[in-house]
Amino acid sequence: MRIGELSRRSGVSPELLRAWERRYGLLRPLRSSGGLRLYSSDDVDRVRLMREHMAGGLAAAEAAALAAGAVEGARHAQPALDLAALRSGLSDALDRFDEPGAQAILDALLGAATLESILSVVVLPYLHDLGARWERGTASVAQEHFASNVLRGRLLALGRGWGRGVGPLALVGCLPGERHELGLIAFALALRARGWRIAYLGADTPLDTVGEAARSLAPALIVLVSSTRKGVEESADPLRVLAEHHRIALAGTGARDVAAPPGVIVLTGDPVAEAERVTTIVGDGSA
Amino acid sequence: MRIGELSRRSGVSPELLRAWERRYGLLRPLRSSGGLRLYSSDDVDRVRLMREHMAGGLAAAEAAALAAGAVEGARHAQPALDLAALRSGLSDALDRFDEPGAQAILDALLGAATLESILSVVVLPYLHDLGARWERGTASVAQEHFASNVLRGRLLALGRGWGRGVGPLALVGCLPGERHELGLIAFALALRARGWRIAYLGADTPLDTVGEAARSLAPALIVLVSSTRKGVEESADPLRVLAEHHRIALAGTGARDVAAPPGVIVLTGDPVAEAERVTTIVGDGSA
Amino acid sequence: MRIGELSRRSGVSPELLRAWERRYGLLRPLRSSGGLRLYSSDDVDRVRLMREHMAGGLAAAEAAALAAGAVEGARHAQPALDLAALRSGLSDALDRFDEPGAQAILDALLGAATLESILSVVVLPYLHDLGARWERGTASVAQEHFASNVLRGRLLALGRGWGRGVGPLALVGCLPGERHELGLIAFALALRARGWRIAYLGADTPLDTVGEAARSLAPALIVLVSSTRKGVEESADPLRVLAEHHRIALAGTGARDVAAPPGVIVLTGDPVAEAERVTTIVGDGSA
DNA sequence: ATAGGTTTTGTCAAGCTTTTGTACAT
DNA sequence: ATGTACAAAAGCTTGACAAAACCTAT
């Protein structure tokens, strides 16, 4: 806003506002191409605060120093959308086997936040937490089954049509024995958001099955997930063979600290970040 | 649409619209073969947004930057499920009599969101908006008919089989003279999602027909809708009689501020919320 | 009809009708042997639509483009529905790893047929056929994985919110070792269509997990599925224990010809029919 | 606080083109 | 029926202008 509007909102004359700027540096407005001062709504707060301090008896110079600093501080204390609260609400609902409640929270999330932030701030941390509670024995297997199925249904629905388009094709699946497909779906969604096409094979996919599909689809990338190191080691030989003909990425906690066959990209970070990285790698190489 | 129509809809003179385009790039209309500017309905929104910002005290240049940026920004930081965009897409498709386009958007919505949120965030607001436009004369009767028929077909398809099952039975219909059944269908779907069985009588149902049906079906609840107050008042006497033998709920904007006969539940809120409330009431009473 | 009649019905002068034809191609009348224009009743609609659009403020050129397109669109939108053809189309699309194609067919199905008929005429026979082809070695494991995941995502989306409501609660899951959950989902959907609430535990659920969930949810029925006889036999003992406290139904081809523990309902038919039967049994008993 | 100059923005005008309904001659 | 013509309405571009708001400097 320009100086007139700021004056109206704050009750301080334009001349005085300019004086405060020159003398105390209270405000640092941007300038238009013609030189007019352009203020933000923060500046209104700053000016109001300054007036309050002066009404409280402070000298102008002191009031300005306080007002300039205070608004900076307040800025950091305001969360836009309370993702943390929604995450714990989701967690509670799923623990209670409350499917409608969980769906309602997911609706709210999907309508208000980006897919990526939902994945990396809500869903993936929730899964991680559920896994930890399961190991400590404070979450039951039934809760884990129930929650997985609710989330899986929802995430798969978001992937509807992910095979369509003109982007590079990613063939995605879990290594044999691996049953946790939520991380894989999250990864596939993150790839999809970057323009990839997805062919989804799901949980517990034998490697010769992957090979079969790869022969007929000729994907630009094969993504395999395993949450256990053992799963990766047991598949080491067929992986090596597969890697001779296709570009392969290996993800999941099981892929860490494993000697990957040559040519296999190891993805150790979170799905969203790694999807970005893989997109860069493949994009540079092939396009 | 051409500049004159945009001017009429937005309340901004053609000269000014051209000036805003030249100076701030607020709009980027297509051109006809002869060079005339052709605008979309998005542009109406943009201009309205600009005027709102100016009414809020912003200078034209800043207001334009915000209005143009709002669309850009929405595109960049897209929520996973952009309900607002889908709603306006639906609105555009129906305005254009583009039935396949509308169906595709409904497909996408049904795949990704809960029926409830689709009803309360997309369909019902759309109906409300259509009604408002119709009153202002900016929507034609043909458009309203077309849109109603597409939505009614789709929603009724979702209700297919809603009479089956084990839940309490709701007998639903419109009061005599009432022809807008979409709100009623939405209400019935929300009840169905809560386990009710539905017997659907549709638009413009004489009350003795309702009485007959009620005698043979013994419903746990009769839901009647009227969008006009007059409709409710004219049916006051037979309603009173019906209420002696059955539990009745009265919904629709016509039900507001009306002296309801004793024993009649008046539902003034949106269908989804009221379906929840009614379910609680009846659930407490009977189960 | 000739141009005079069309003019009378549509309220547009013959000269103007000819101008619209020449300029915008709005109508393409047949010609009599003498060269007179011959119109169909569709053309009346087109002209009326054009006038509606113009009344709505659109310029003639734009109105004509919309009117000509809308009638085209409406024509394409009503092909009769051939379930058998759609089923084989679905099968082909899934065999080809063509996810978008499969989704489009599912869209068409869901828009035009009841869920029940889709399940019993398309999805379940398709699964049966896929199993048979797999045994004969004419379908690959990769195809089966891919198809299962597409269908599972779609069916789970249809079940969204199935935990809500006032109906009896069914706790559903696959027996340990059982990985084919599509039949289970179909069964759950058929129950839901009859007013049941569903708590879904998914594939490969340990029986103590089921017991845990049952203790906290107190379901009216527990549904367990197994496609192999071996799965049932191995779980015989814990099943007996579970049956002492809960009403249990056992479904899937594995449930046939097995000596069921006392009190366990054995469901040997197709999911839709058996859902009906179970609803009758439980409905008679409790309501 | 004032003076004198600058920027911003809504409006208008002139001269020409496009669009579109109607009319007329063949 | 066809083709052409015509005129009113609406639109385009360029350019200008004046009031309001804002700038710097004194």
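As you go down the protein sequences, you meet chains R, C and W in turn.
Letter by letter, the first sequence follows residues 1341 to 1627 in our numbering.
Letter by letter, the second sequence follows residues 1341 to 1627 in our numbering.
Letter by letter, the third sequence follows residues 1341 to 1627 in our numbering.
Where a beta carbon is used, it is the ideal one built from N, C-alpha and C, also for glycine.
All values reported here derive from a predicted model rather than from experimental measurement.
9 Å Cβ cut-off: residues of chain R touching residue i
i: C:THR1454; result: PRO1440, GLN1443, ALA1444, LEU1446, ASP1447
Straight-line gap, residue i to residue j (C-alpha atoms, nearest Å)
i: R:LEU1346; j: R:GLU1402; result: 21 Å
i: R:GLU1361; j: R:PRO1354; result: 11 Å
i: R:LEU1464; j: C:ARG1358; result: 49 Å
i: C:VAL1572; j: C:ARG1596; result: 10 Å
i: R:TYR1364; j: R:GLY1344; result: 20 Å
i: W:ALA1452; j: W:LEU1446; result: 10 Å
i: C:THR1608; j: W:ASN1489; result: 43 Å
i: W:SER1626; j: C:GLY1507; result: Confidence at W:SER1626 is low in this model, with a pLDDT of 44, below 50, so the placement of that residue should be treated as unreliable; the coordinate-derived value is given next. The straight-line gap from Cα to Cα measures roughly 12 Å.
i: W:SER1350; j: R:SER1372; result: 56 Å
i: R:VAL1606; j: R:LEU1467; result: 21 Å
i: R:LEU1450; j: C:LEU1511; result: 34 Å
i: R:SER1431; j: R:ALA1487; result: 9 Å
i: R:THR1620; j: R:GLY1535; result: 12 Å
i: R:ASP1382; j: C:VAL1384; result: 30 Å
i: R:GLY1429; j: R:PHE1437; result: 13 Å
i: W:ARG1537; j: W:LEU1509; result: 5 Å
i: R:ILE1458; j: C:ALA1615; result: 29 Å
i: R:ALA1408; j: R:HIS1393; result: 12 Å
i: C:LEU1389; j: W:LEU1367; result: 39 Å
i: W:ASP1610; j: W:ARG1617; result: 11 Å
Chain R within 8 Å of residue i, Cβ atoms only
i: C:LEU1557; result: no
i: W:LEU1502; result: Residue 1502 of chain W is actually Trp in this sequence, not Leu. Yes, its Cβ sits closer than 8 Å to a Cβ of chain R.
i: W:GLY1471; result: no
i: W:THR1520; result: One point to set straight first is that residue 1520 of chain W is His, not Thr, in the sequence displayed. No, because no Cβ of chain R sits closer than 8 Å to the Cβ of W:HIS1520.
8 Å Cβ cutoff met for residue i and residue j
i: R:PRO1601; j: R:LEU1579; result: yes
i: W:SER1567; j: W:GLY1542; result: no
i: R:ALA1448; j: R:LEU1426; result: yes
i: R:GLU1475; j: R:ALA1533; result: no
i: R:LEU1496; j: R:LEU1564; result: no
i: R:ASP1544; j: R:ARG1519; result: yes
i: W:VAL1352; j: W:ARG1386; result: no
i: C:ALA1539; j: C:LEU1557; result: yes
i: R:VAL1622; j: R:LEU1561; result: yes
i: C:GLY1348; j: W:GLY1397; result: This sequence places Arg at residue 1348 of chain C; Gly is not what is there. Result yes, Cβ atoms of C:ARG1348 and W:GLY1397 sit closer than 8 Å.
i: R:ARG1342; j: R:LEU1370; result: no
i: W:VAL1604; j: W:ARG1569; result: no
Within-8 Å CB hit, residue i to chain C
i: R:LEU1498; result: yes
i: W:VAL1604; result: no
i: W:LEU1406; result: yes
i: W:GLU1392; result: yes
i: R:GLY1372; result: The amino acid occupying residue 1372 of chain R in the given sequence is Ser; Gly does not appear at that position. With 8 Å as the cut-off, R:SER1372 counts as an interface residue toward chain C.
i: W:GLY1609; result: no
i: R:GLU1345; result: yes
Neighbouring residues, chain R, relative to residue i (Cβ below 8 Å)
i: W:TYR1379; result: Chain R residues near W:TYR1379: none, gap ~40 Å exceeds 8 Å.
i: C:GLY1451; result: ALA1497, ARG1500
i: W:PRO1546; result: VAL1481
Neighbouring residues, chain C, relative to residue i (Cβ below 9 Å)
i: R:GLY1429; result: By Cβ distance, chain C contributes nothing, its closest Cβ being about 16 Å from R:GLY1429, past 9 Å.
i: W:GLY1513; result: Result: empty, since nearest Cβ-Cβ is about 21 Å, beyond 9 Å.
Chain W contact for residue i (CB, 8 Å cutoff)
i: R:PRO1578; result: no
i: C:PRO1354; result: no
i: R:SER1488; result: yes
i: C:SER1350; result: no
i: C:ARG1368; result: no
i: R:THR1549; result: yes
Chain C contact residues for residue i, given Cβ-Cβ distances below 7 Å
i: W:GLY1535; result: GLY1505, VAL1506, GLY1507, GLY1535, ARG1537
i: W:GLU1573; result: Those do not exist, as W:GLU1573 stays about 33 Å from chain C at its closest Cβ, beyond 7 Å.
Contacts of residue i in chain R (Cβ-Cβ under 7 Å)
i: C:ALA1359; result: Within 7 Å Cβ-Cβ: nothing; C:ALA1359 doesn't reach chain R, min ~16 Å.
Per-residue contacts from residue i into chain W (C-beta, under 7 Å)
i: C:ARG1587; result: Within 7 Å Cβ-Cβ: nothing; C:ARG1587 doesn't reach chain W, min ~15 Å.
Interface residues of chain C facing residue i [CB-CB closer than 8 Å]
i: W:ALA1401; result: SER1372
Chain-ordered neighbours of residue i on chain W, where CB pairs are closer than 8 Å
i: R:PHE1437; result: GLY1503, ALA1539, ALA1553, SER1556, LEU1557
Inter-stretch contact at 8 Å, needing at least 3 Cβ pairs: the segment 1570–1587 of chain C / the segment 1483–1503 of chain C: no
Measuring CB atoms only, is the segment 1518–1528 of chain R touching the segment 1479–1494 of chain C, in the sense that at least three cross pairs come out at less than 8 Å? No, the segment 1518–1528 of chain R is not in contact with the segment 1479–1494 of chain C.
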